[in-house]
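>
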Amino acid sequence: MGVTIQDIQQRGIRFSETIEACKAEFDLWTQRSVEILTKQQEVFSSKIHNAQEHIGKLGAAEREFREEILLKDRILEEENRLEEDRSAELNQLRQRERALPDTLSKLKVDVAQKKGQLASVQQNYEMQKAQRVATLEGMQKRALKNKEFLGLAVERIAADHLRFNLVIDGKCNYECIFSVYLDPHSSYHLEQCDPPLPSSLTAPAIRQLNRTNNFRCFVLTLRKAFLSEQRRTTE
Numbered sequence: 270m271g272v273t274i275q276d277i278q279q280r281g282i283r284f285s286e287t288i289e290a291c292k293a294e295f296d297l298w299t300q301r302s303v304e305i306l307t308k309q310q311e312v313f314s315s316k317i318h319n320a321q322e323h324i325g326k327l328g329a330a331e332r333e334f335r336e337e338i339l340l341k342d343r344i345l346e347e348e349n350r351l352e353e354d355r356s357a358e359l360n361q362l363r364q365r366e367r368a369l370p371d372t373l374s375k376l377k378v379d380v381a382q383k384k385g386q387l388a389s390v391q392q393n394y395e396m397q398k399a400q401r402v403a404t405l406e407g408m409q410k411r412a413l414k415n416k417e418f419l420g421l422a423v424e425r426i427a428a429d430h431l432r433f434n435l436v437i438d439g440k441c442n443y444e445c446i447f448s449v450y451l452d453p454h455s456s457y458h459l460e461q462c463d464p465p466l467p468s469s470l471t472a473p474a475i476r477q478l479n480r481t482n483n484f485r486c487f488v489l490t491l492r493k494a495f496l497s498e499q500r501r502t503t504e
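Residue numbers are given in our numbering: position 130 of the sequence shown equals residue 399, and the series is strictly consecutive.
#1: Could you give the first and the last residue of the continuous beta strand (DSSP E) run that contains Leu459?
#2: CB Tyr457 to CB Leu478, shorter than 8 Å?
#3: Any idea which residues DSSP pairs Arg425 with across the strands?
#4: Once the 5 residues before and after Lys377 are set aside, which same chain residues still bring their CB inside 6 Å of it?
#5: If I follow the unbroken beta strand (DSSP E) through Leu451, where does it start and stop?
#6: Using a Cβ-Cβ cut-off of 6 Å (strictly less than) and excluding sequence neighbours within five positions of Thr490, which residues of its own chain qualify?
#7: First and last residue of the alpha helix (DSSP H) that includes Thr471?
#8: Rounded to whole angstroms, what is the Cα-Cα separation between Leu387 and Asn349?
#9: Thinking C-alpha only, which one of Pro467, Thr471, His430 is nearest Ser455?
#10: Assuming Gln461 contacts Arg425 under a Cβ cut-off of 8 Å, what Cβ separation, rounded to an integer in Å, is found between them?
#11: Taking 8 Å as the CB-CB cut-off, is Val423 touching chain C?
#12: For His318, which three-state DSSP category applies?
#13: For Asp276, count neighbouring Cβ atoms within 10 angstroms of its own Cβ and tell me buried if that reaches 16, exposed if not.
#14: Do you know how far the Cα of Val488 is from the Cα of Lys440?
#15: Report the three-state DSSP secondary structure of Thr273 (helix, strand or coil).
#16: Looking at Gln397 and Pro465, is the spacing between their C-beta atoms short of 8 Å?
#17: Roughly how many angstroms lie between the CA atoms of Arg501 and Thr481, to the nearest whole one?
#18: Note down the Cα distance separating Ser374 from Asn360, rounded to an integer number of angstroms.
#19: What does the alpha-carbon distance come out to for the pair Ala403 and Leu362?
#20: By the three-class DSSP mapping on this structure, what secondary structure does His323 have?
#21: Do Leu451 and Arg401 have their C-beta atoms closer together than 8 Å?
#22: Are the Cβ atoms of Ala494 and Leu459 separated by less than 8 Å?
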């Protein structure tokens, strides 16, 4: 049998229909594939986003962990430094503790020396005080012996102070009072003087008394000075 043109046309029509069906099926497959890929892309994008967030959280956690490690390292360094300081202070305390007996012994020796020095100073002071008292007592005794001749009354107002009441020529209306002080260096000083006398008269008398220790001459000098002052004021 021969192939007719009609057969060829029918075959072409069937082939075209087959091609159209394949094309429609391919388009449907393509659309479904695109939809599937789109959904997969969305899911993958969501997973990527979640993964990025997780990575960010992991990075933050890593930074916090590193900061904690650094903080622990600083704390450890500080603890080590404090331990070194404590050890150094403990060593110093131990050294001081070991040196304490020697220090106490030295302090005891120093205290004993100071006590000895104070005792010596106190003894010297008492001796000087006794000498001043003895000197003043001698002055008082000598003054009392010459009371009638000099018209002089003596009164002790302190351990190292004497007050003198001098009556000139037996006239009660002219009474002279003066006091003498003996300092720790055994030097005489004229304190009270009534009526007052000029220093040009009293200063030489005190210097002479300190130089000669002649109390009789000193009283006579003041007596003359009082007489001179009386005559000057009554003229």
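No residue lacks a Cβ here, since even glycine has one placed at the ideal position from N, Cα and C.
Keep in mind it's a predicted model, so treat the numbers as computed, not measured.
Short version:
#1: 457-463
#2: yes
#3: Leu431
#4: none
#5: 444-451
#6: Ala474
#7: 468-481
#8: 52 Å
#9: His430
#10: Not quite, the Cβ-Cβ distance comes to about 14 Å (not below 8 Å), so this is no contact.
#11: Structure shown: chain C not included; a single protein chain is present.
#12: helix
#13: exposed
#14: With a pLDDT of 48 at Lys440, under the threshold of 50, the modelled position of that residue is not reliable, and no figure is offered here.
#15: coil
#16: no
#17: 29 Å
#18: 22 Å
#19: 58 Å
#20: helix
#21: yes
#22: no
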